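Each remark here refers to the structure printed beneath this line.
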Amino acid sequence: GACDLAVQEAEMLRADLLVHFGHTPITTQPRVPTIYIEAKAEVNVKEAVSEALPLLKDWKSLGLATTVQHVDMLSEARELLIKSGKSVAIGDTGKLKYAGQVVGCNYSNAKAVSKDVEAFLFIGGGKFH
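First residue of the sequence shown? That's 94 in the working numbering, and the numbers climb one at a time after it.
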């Protein structure tokens, strides 16, 4: 992930550049120049939110968080949740490229709204370290 670039390997190989696929830069700058190529997922967010709603029935105020792969879906997810009667908060600390974005080593956007919400809906897949 963006938190764990192959910097040591690049230095051992005396690489001039790292090309990192799938993530956005985080606030710390790697010792080796790095180009980040974002990856986006194509998922039916309406279906995902509809399936999540019964699990969220006990909470009125929700925080919404995601990874870069799904960040383009946050607005639609937010609107669907609002239409279902939920209030929705999406954090933006400026520490990551997108509002609502979290990575394994930085969840500050979610933490920024944690006192304002009762629960979170995370839109994403995979495993965090």
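We treat Cβ as the ideally placed atom computed from N, Cα and C, and that holds for glycine.
Just so we're clear, the structure is a prediction, and the values are computed from it rather than from any experiment.
Distance between residue j and residue i (C-alpha atoms, nearest Å)
i: methionine 166; j: valine 138; result: 7 angstroms
i: proline 123; j: aspartate 151; result: 43 angstroms
i: threonine 159; j: valine 181; result: 14 angstroms
i: histidine 222; j: alanine 145; result: Its pLDDT being 48, under 50, histidine 222 is placed unreliably in this model, and the value from its coordinates should be taken loosely. Roughly 24 angstroms separates the two Cα atoms.
i: alanine 192; j: aspartate 109; result: 31 angstroms
i: leucine 214; j: glutamate 140; result: 14 angstroms
i: serine 168; j: leucine 106; result: 42 angstroms
i: glutamate 172; j: cysteine 96; result: 31 angstroms
Candidates the options, of which the one nearest residue i by Cα
i: serine 154; options: Leu174, Val136, Val161 and Ala170; result: Leu174
i: glycine 115; options: Val196, Thr186, Ala141 and Tyr129; result: Tyr129
i: isoleucine 216; options: Lys208, Ser207, Ala203 and Asp209; result: Ala203
i: proline 209; options: Cys96, Glu135 and Gly156; result: In the sequence as presented, proline is not what sits at residue 209; that position holds aspartate. The shortest C-alpha separation from aspartate 209 is found at Gly156.
Residue interval of the beta strand (DSSP E) (run including residue i)
i: valine 112; result: 111-114
i: leucine 157; result: 154-159
i: valine 181; result: 180-182
Neighbour-count burial assignment, residue i, 16 or more Cβ in a 10 Å radius
i: glutamine 101; result: exposed
i: glycine 218; result: exposed
i: leucine 148; result: exposed
i: glycine 178; result: exposed
Cβ-Cβ separation, residue j to residue i (assumed contact under 8 angstroms), whole Å
i: glutamate 131; j: threonine 117; result: 6 angstroms
i: serine 201; j: lysine 188; result: 5 angstroms
Element boundaries [alpha helix (DSSP H), containing residue i]
i: isoleucine 175; result: 167-176
Chain D contact for residue i (CB, 9 angstroms cutoff)
i: glutamate 104; result: The chain labelled as chain D is not found in the depicted structure, where only one protein chain is given.
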